[in-house]
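**Student:**
Number of protein chains: 2
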Amino acid sequence: MSEVVERLRQVLPPEALVTDPDRMESFRYDRAMFCPAGVPAAVVLARETAHVQAAVRAAAEFGVPVVPQGARSGLSGAANALDGCVVISLEKMDKILEIQPVDRYVVTQPGVFNAVLSRAVAEQGLFYPPDPSSWEFCSIGGNLSTNSGGLCCVKYGVTTDYVLALEVVLANGEILRTGRRTVKGVAGYDLTKLIVGSEGTLGIITEATLALRPATAKPRTMAALFGSGVAAGEAIVEIIRSGVSLSLLEIMDRTTIRAVNAYKRMDLPEDAAAMLIAQSDAGGAAGAADIATVAKLCRENAAIECIEADDEAEGDLLLEARRAALLALDELGTTMIDDVCVPRSRLADFIGATEKVARDLDITVGVLGHAGDGNMHPTVVFDATDPEQARRAQVAFDKIMEIGLELGGTITGEHGVGVLKRDWLAQEIGPVALSVHRSIKAALDPQNLLNPGKVVVS
Amino acid sequence: MSEVVERLRQVLPPEALVTDPDRMESFRYDRAMFCPAGVPAAVVLARETAHVQAAVRAAAEFGVPVVPQGARSGLSGAANALDGCVVISLEKMDKILEIQPVDRYVVTQPGVFNAVLSRAVAEQGLFYPPDPSSWEFCSIGGNLSTNSGGLCCVKYGVTTDYVLALEVVLANGEILRTGRRTVKGVAGYDLTKLIVGSEGTLGIITEATLALRPATAKPRTMAALFGSGVAAGEAIVEIIRSGVSLSLLEIMDRTTIRAVNAYKRMDLPEDAAAMLIAQSDAGGAAGAADIATVAKLCRENAAIECIEADDEAEGDLLLEARRAALLALDELGTTMIDDVCVPRSRLADFIGATEKVARDLDITVGVLGHAGDGNMHPTVVFDATDPEQARRAQVAFDKIMEIGLELGGTITGEHGVGVLKRDWLAQEIGPVALSVHRSIKAALDPQNLLNPGKVVVS
Chain Y
1 MSEVVERLRQ VLPPEALVTD PDRMESFRYD RAMFCPAGVP AAVVLARETA HVQAAVRAAA
61 EFGVPVVPQG ARSGLSGAAN ALDGCVVISL EKMDKILEIQ PVDRYVVTQP GVFNAVLSRA
121 VAEQGLFYPP DPSSWEFCSI GGNLSTNSGG LCCVKYGVTT DYVLALEVVL ANGEILRTGR
181 RTVKGVAGYD LTKLIVGSEG TLGIITEATL ALRPATAKPR TMAALFGSGV AAGEAIVEII
241 RSGVSLSLLE IMDRTTIRAV NAYKRMDLPE DAAAMLIAQS DAGGAAGAAD IATVAKLCRE
301 NAAIECIEAD DEAEGDLLLE ARRAALLALD ELGTTMIDDV CVPRSRLADF IGATEKVARD
361 LDITVGVLGH AGDGNMHPTV VFDATDPEQA RRAQVAFDKI MEIGLELGGT ITGEHGVGVL
421 KRDWLAQEIG PVALSVHRSI KAALDPQNLL NPGKVVVS
Chain P
1 MSEVVERLRQ VLPPEALVTD PDRMESFRYD RAMFCPAGVP AAVVLARETA HVQAAVRAAA
61 EFGVPVVPQG ARSGLSGAAN ALDGCVVISL EKMDKILEIQ PVDRYVVTQP GVFNAVLSRA
121 VAEQGLFYPP DPSSWEFCSI GGNLSTNSGG LCCVKYGVTT DYVLALEVVL ANGEILRTGR
181 RTVKGVAGYD LTKLIVGSEG TLGIITEATL ALRPATAKPR TMAALFGSGV AAGEAIVEII
241 RSGVSLSLLE IMDRTTIRAV NAYKRMDLPE DAAAMLIAQS DAGGAAGAAD IATVAKLCRE
301 NAAIECIEAD DEAEGDLLLE ARRAALLALD ELGTTMIDDV CVPRSRLADF IGATEKVARD
361 LDITVGVLGH AGDGNMHPTV VFDATDPEQA RRAQVAFDKI MEIGLELGGT ITGEHGVGVL
421 KRDWLAQEIG PVALSVHRSI KAALDPQNLL NPGKVVVS
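Protein chains in written order, with UniProt numbering: chain Y, 1 to 458; chain P, 1 to 458.
What follows is the structure in structure tokens.
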């Protein structure tokens, strides 16, 4: 038994420590493809902040790397284990600690699933907007670590916009408390937003205070069908230009629609090349006017058909279809999901260029995404047992990021860098920004113990 | 002539360098009271990023501190000169470089005044929300450096929520480009939001890309009068609890109203102890309903009178009154403006405790602020030529911050730390957070050249 495991046994209760190789196996990977994963020396199932502190201190004592993990639903390999590391899983820290309806915040442990938290606050007439498609199986801690987005970002912004305060275990085992419970506050550097999105490389989040909004009105939903992805992209640009306020604006192409129909036994129209889904939660006449505006703009921009959902249930069904898209594509083969975000004025160009990549490389790419944000998830589907196809898949995946950068976009809108896009990060941000990343990493984690090799290579 | 001035002469065009003591005098102070200010060795009036780089490199060569300055409208002494320093003023970098209506962003130099930028984007049907009361005489660069708030934060958030990308000159003279022009993006650490609010201690902002929103509907405005500040505070809590969406919710007490009447020759009602101003920009029936809800809640919570503005001009006049409050109080004597933000549920407690401080210390305190955010600006007014009164003013100023912290609030909601609240910062954030601040400062500015002694003492 290694020294670090021996020390962990001394400082942790037995139920917080896993060293059995079979049990540890499931803690090796998140949901990213083509990312290496090592074999951990131990997995710590922290029940409280003190367990995280104890584990970090034990790891620091022996210079062993620490890999923090939420629900392992990540798509960039940020939660993948390293050989001989201590995995610190936060999945058992799954309590909602406080919901404050007047000051509108919730205090939560990181292991709570996004949908669980969203439903708990909804019961009190409140709304936690960030809603990744994976909300039923992703944790708040993971959302914080990657600064997750979701479907309603187009109106309500992303995770970082809702984080008021954090409790963070630092690399030296100390507890950092960032932020505050007030709406505004500028006392000192914004350490909260520095930790959010840092993918476990600067500290381990053990508690979060998240801002809430009042519940929204019942949404009105519509779908519009287009003869080509580019036409749908052009309609989106006109919708954005109009300034109409939507709470959701998503796109799915025919490949994706077919996959969802098969997976969810749904009956979405497969004759169109692309479908937009738009939602307004403005309520009453305002919501109806928003949807009418979108329908008009879609018709003026080559929509084949516009269908308004008859009721909320029908609207929910459309959203369920969209949320299931990645799982549905997973059924067709191995998937690699891109996460490029482009300036919205370039969406049609991006869709066209992505479709060309699929044609040129003769590979399936399902085009879907948060169109209203310009955050697209072209998903390459392939047979991983065919090395030649796997190679082309990798080329397509990279080519799509390259197109994103060429159009003034970013390699990742919400999934993070992890190990999957480390080299691409350097390309996107350049040497000065990379060097600043390294300086900050070294300042907060001088031994390079926290999730080393993720995001930036030191 | 000192070595650094000699080097500046070599590397800068003559119009970018001021060394005449009389001309330099006005570059010594921002608008904070009781903050020491030194005499600079030189003032650099940068016209372009390269001038900032050259000045930073010259200062670094001789180990001379650099103090970046915007419009010197700050209220915490962050822009005050240090003895022998190089002041780098950004006021001549005052061009708006690009307005992009579809992608909804503006690229601007830092010296542009907030109101100038706001009007320029409004001409294209766009809206830049952060609107400090000082918007006519504060610069975007200063807004970024202190993460300014304003009147419409209650609905639209603060400066950091609108910053997409920055160009920053680092302590070593290199140019850091943070962020991107897309709506979303998580590639790497959020360096943008780390720089925002860092008060010139981590880098000097030379360009910013700011997100815009579509123009809002015409606002509806109302005022409500109350018999006591505490009653007004209780009404605010009920307004927040109701979830009604307001674009503005401000409070002014009788002291402030009287000062504004005298200063602006206005005719605001002086018989009430406190006045709330509420605005909805939801437009049409929704806006009318919002204002009706607020009026109803005010009446149910002891309002003496509720008055809806007849038209937009009357509403604008109320806002103009609120924006002039600090300048009006300045006419009554020397002022020290607090900037405490408390959880909104504690507003009535905060107002009551602040009034008690004024009574106990027999000193004038004008109570005003962004009530809807819990961000209050109690302003101590005193005769600075009377040492005993000045002492009590300082005690009152500090006591109000203490109350804010006791109520779970922060010492600064939007004005920043500067030198004025350095000791208070340590009290608010504690030793671990302070040590993380110092690590980050040392990582980005190892020689401690950028605005040393501001925010954190190294």
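Heads up, the beta-carbon is just placed ideally off N, CA and C, and yes, glycines get one too.
Should the segment 343-351 of chain Y be regarded as contacting the segment 304-313 of chain Y, the criterion being three or more beta carbon pairs within less than 8 angstroms?
**Tutor:** no
**Student:** For the segment 258-308 of chain Y, list the beta strand (DSSP E) runs that are entirely contained and at least 3 residues long, ordered along the chain.
**Tutor:** For the segment 258-308 of chain Y, whole beta strand (DSSP E) runs of length 3 or above, ordered along the chain, are 274-280 and 303-308.
**Student:** I'd like to check one pair, V455/P with V417/P: are the Cβ atoms closer than 7 angstroms?
**Tutor:** Less than 7 angstroms divides the Cβ of V417/P from the Cβ of V455/P.
**Student:** So is K264/P in contact with chain Y if we call contact Cβ pairs under 7 angstroms?
**Tutor:** no
**Student:** When you compare only the Cα positions, how much space is there between L151/P and R23/Y?
**Tutor:** Taking the Cα positions, L151/P is about 55 angstroms away from R23/Y.
**Student:** Buried or exposed: D445/P, going by 16 or more other Cβ atoms within 10 Å of its Cβ?
**Tutor:** buried
**Student:** Mind checking the segment 178-200 of chain Y against chain P and listing, in chain order, the residues whose C-beta falls within less than 8 angstroms of any C-beta there?
**Tutor:** T178, R180, R181, T182, V183, K184, G185, V186, A187, G188, Y189, D190, L191, K193, L194, V196, G197 and S198
**Student:** So what's G404/P in DSSP terms, helix, strand or just coil?
**Tutor:** helix
**Student:** Would T49/P and T201/P qualify as a contact pair, given that the criterion is a beta-carbon distance under 7 angstroms?
**Tutor:** no
**Student:** Taking the straight line between their C-alpha atoms, what separation do you get for F34/Y and S145/P?
**Tutor:** 41 angstroms
**Student:** Beta carbon of V365/Y, beta carbon of A358/Y: below 7 angstroms?
**Tutor:** With contacts defined by Cβ atoms closer than 7 angstroms, V365/Y and A358/Y form a contacting pair.
**Student:** As a quick exercise: from I277/Y, A41/Y and F27/Y, pick the residue whose alpha carbon is nearest that of S2/Y.
**Tutor:** A41/Y
**Student:** Since L194/P contacts Y105/P with CB under 8 angstroms, what's their CB separation in whole angstroms?
**Tutor:** About 20 angstroms; that fails the 8 angstroms criterion.
**Student:** Assuming R422/Y contacts V367/Y (C-beta within less than 8 angstroms), just tell me the rounded distance between them.
**Tutor:** Contact flag wrong, Cβ pair sits at about 25 angstroms.
**Student:** Would you tell me roughly how many angstroms separate the C-alpha atoms of A321/Y and K264/Y, rounded to the nearest one?
**Tutor:** 8 angstroms
**Student:** Considering only the alpha carbon of each residue, which of A292/P, V116/P, S89/P and R57/P lies closest to L97/P?
**Tutor:** V116/P
**Student:** Using a beta-carbon distance below 7 angstroms, is P14/P in contact with chain Y?
**Tutor:** no
**Student:** Assess, as a yes-or-no matter, whether the segment 277-284 of chain Y is touched by the segment 324-333 of chain Y under the definition of 3 or more beta carbon pairs within less than 8 angstroms.
**Tutor:** no
**Student:** Report yes or no: is there a C-beta of chain P within less than 7 angstroms of the C-beta of R9/Y?
**Tutor:** no
**Student:** Note the first and the last residue of the continuous alpha helix (DSSP H) segment covering Y156/Y.
**Tutor:** Per DSSP, the unbroken alpha helix (DSSP H) holding Y156/Y starts and ends at C153 to Y156.
**Student:** Strictly below 8 angstroms CB to CB, what residues from chain Y border S439/P?
**Tutor:** Neighbours of S439/P on chain Y, chain order: A443 and L444.
**Student:** Rounding to the nearest angstrom, what Cα-Cα distance links D330/Y and A58/P in this structure?
**Tutor:** 58 angstroms
**Student:** Under a Cβ-count criterion, where at least 16 other Cβ atoms within 10 Å of its own Cβ denotes burial, should E91/Y be classed as buried or exposed?
**Tutor:** buried
**Student:** Do V112/P and T209/P have their C-beta atoms closer together than 7 angstroms?
**Tutor:** Their beta carbons are not under 7 angstroms apart, which means V112/P does not touch T209/P by this criterion.
**Student:** Closest to P13/P by C-alpha separation, out of R31/P, G38/P and V44/P, would be which residue?
**Tutor:** Considering only alpha carbons, the answer is V44/P.
**Student:** So, is the C-beta of P378/P closer than 7 angstroms to a C-beta in chain Y?
**Tutor:** no
**Student:** Under 8 angstroms between beta-carbons, which chain Y residues line up against N375/P? List them in chain order, please.
**Tutor:** Result: T182, V183 and K184.
**Student:** Determine the DSSP secondary structure at Q109/P, reduced to helix, strand or coil.
**Tutor:** coil
**Student:** Could you spell out the range, first to last residue, of the beta strand (DSSP E) harbouring V87/Y?
**Tutor:** V86 to S89
**Student:** Using DSSP with H/G/I as helix, E/B as strand and the rest coil, what is L329/P?
**Tutor:** Under the three-state reduction of DSSP output, L329/P falls in the helix class.
**Student:** Hey, how far is the Cα of D103/P from the Cα of G374/Y?
**Tutor:** So the two alpha carbons sit approximately 10 angstroms from each other.
**Student:** With a 10 Å radius around its C-beta and 16 neighbouring C-beta atoms as the bar for buried, classify K155/P as buried or exposed.
**Tutor:** With 16 or more Cβ atoms within 10 Å of its Cβ, K155/P is classed as buried.
**Student:** Is P214/P helix, strand or coil by DSSP?
**Tutor:** strand
**Student:** Given that A433/Y touches chain B, what residues does it touch there, using C-beta distances under 8 angstroms?
**Tutor:** Included in the structure are the protein chains Y and P, with no chain B among them.
**Student:** Of the choices L276/P, E388/P and N261/P, whose alpha-carbon is the least far from that of V230/P?
**Tutor:** Checked all of L276/P, E388/P and N261/P; the closest Cα to V230/P is L276/P.
**Student:** What beta strand (DSSP E) runs, 3 residues minimum, are completely inside the segment 9-79 of chain Y?
**Tutor:** 42-45 and 66-69
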